[in-house]
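Encoded as structure tokens, the structure appears first; notes follow it.
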Amino acid sequence: MSADAAVGPAVARVRGLVRDFDGRRVLDGLDLDIAPGEFVALLGRSGSGKSTLLRALAGLDRGVQGELITKGTIAVAFQEPRLVPWKRVLANVFLGLRHPDPKAAARAALAEVGLTERADAWPLTLSGGEAQRASLARALVREPDLLLLDEPFSALDALTRITIHRLVIDLWQRRRPGVLLVTHDVDEALRLADRVLVLGEGRIAHESRIDLPRPRRNDHPHLLALRDTL
Ligand code: ADP
Ligand code: MG
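For the sequence shown, numbering that gives the first Met the number 0 gives the first residue as 0, with consecutive numbering after it.
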């Protein structure tokens with residue numbers, strides 16, 4: 000495994016990825032490419048290995064075998080925002096950030112996610128949607144080439160989720176990182192992504208390219224047809 004190696008045009012290139020847990024093969028020769036600026040959604044049943052793949056891409060799993068090359072800066076947001084409770088929101092966003100003016104960068108990122116007025120709040124006083132936006136700001140302030148999102152919206156209520164979808168698409172269109180969004184929500188995948196993958200049997204079992212402009216309605220015939228194939 001190596002980071003920043005020659006990867007051609009892709010921000011992530013995975014070949015033959017294998018991951019065993021206690022003798023059970025969870026990833027079984029998985030191949031995946033993510034192009035710069037591409038928004039990819041990864042669907043799959045619970046336990047199919049989505050988080051395992053995401054952790055491997057984030058460099059958080061030393062137990063994978065195979066070829067895994069990523070390019071540039073990677074940032075991750077998890078299902079639970081994982082904010083440090085004894086640091087205020089602003090400090091959480093610039094935590095560990097290498098930047099000439101980390102506080103200013105963190106303030107700008109909070110503004111981008113509409114959380115300026117919560118900069119001095121304690122994480123435990125945030126609503127679920129606010130905490131998830133703080134987590135997104137913490138990822139974005141790193142200006143990632145690859146943004147890994149592991150079911151970041153699944154704990155949110157439906158209305159907040161729709162608001163955050165809009166925000167994510169806006170941010171993505173402005174910054175254009177490559178995105179891998181893990182989700183179990185088919186409609187969310189079809190609404191947001193350029194390409195939808197389904198993980199099954201430890202590999203990419205299905206792939207659909209979505210060539211509709213945004214914003215997208217979930218009842219578009221093209222999406223309904225795709226939905227039937229998943
Ligand atoms: P998903 O995110 O698709 O729901 P995961 O990648 O979390 O699935 O898990 C895939 C499988 O690998 C599950 O059966 C899970 O129990 C197992 N697994 C994941 N992490 C570990 C671990 N650290 N130790 C043992 N088994 C694990
Ligand atoms: Mg998971």
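Note that beta-carbon positions come from the ideal geometry of N, C-alpha and C, so glycine has one too.
Asked	Found
Endpoints, the alpha helix (DSSP H) within which T162 is located	A157 to R174
G128, buried or exposed, once every other Cβ within 10 Å from all chains shown has been counted against 16	buried
Terminal residues of the beta strand (DSSP E) in which G15 lies	A11 to F20
Anticipated Cβ contact below 8 Å, V75 with A154, distance rounded	The pair is not a contact, with the Cβ atoms about 16 Å apart (cut-off 8 Å).
G46: CB within 7 Å of a non-hydrogen atom of the ligand ADP	yes
Counterpart residues of V197 in DSSP-defined beta bridges	L42 and H205
First through last residue of the beta strand (DSSP E) which encompasses E66	Q64 to T69
Supposed contact pair N217 and L189 - C-beta distance, whole angstroms, cut 8 Å	7 Å
Beta-carbon proximity list for L225, same chain, < 8 Å, skipping 5 on both sides	L189, V195, S207 and I209
Whether L42 touches L229 by CB criterion (8 Å)	yes
G58 beta carbon near the ligand ADP (any heavy atom closer than 7 Å)	no
As assigned by DSSP and simplified to three states, the class of L56	helix
Distance cut-off 7 Å: D149 Cβ against heavy atoms of the ligand MG	yes
beta-carbon S134 near the ligand MG non-hydrogen atom, thresh 7 Å	no
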